[in-house]
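With the first letter of the sequence shown counted as 1, position 59 gets the number 1066 in the working numbering; the numbers rise by one all the way through. Heads up, the beta-carbon is just placed ideally off N, CA and C, and yes, glycines get one too. For reference, the structure is listed below as structure tokens.
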Amino acid sequence: MIDDLVHRAAPQLLEPFGIGVDTAAEILVVVGDNPERIKSEAALAKLAGIAPVPTGSGMTSGRHRINHGGHRQLNAAIYRTVIVRMRLGLMQVRVTGSITRPGGPVWS
């Protein structure tokens, strides 16, 4: 049932490697609750709690940390996608000795 709803609402979410129906559904739920807040990738990263935040007093040069606020379920869904992509990438390197395939990187 959720599979059908996700395929109808946003089939493009299921195209990238590593994003399953559960992850796509979580993204749709969060974006559906906050459509006015998401105007860019940076806004989505901030909402998910994965945006870099400058650290220090302003006198530091380029130090950042991850913002640990945000929507925890969306953060977990993105984390699952990253782990799946990393695992396949490492397996690809072990099997072929290369991170790329004829069509480009493994995760594209």
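Query, Result
"Sequence-distant residues of the same chain with beta carbon closer than 7 Å to G1027, five excluded per side", "none"
"Rounded C-alpha distance that separates G1096 from H1014", "26 Å"
"C-alpha distance - K1053 paired with R1044, whole-angstrom precision", "10 Å"
"Cβ pair A1055, A1049 closer than 8 Å", "no"
"DSSP three-state assignment for S1115, whether helix, strand or coil", "Bear in mind that a pLDDT of 46 at S1115, under 50, signals an unreliable position, so the number given afterwards is only what the model happens to contain. Note: S1115 maps to coil in three-state DSSP."
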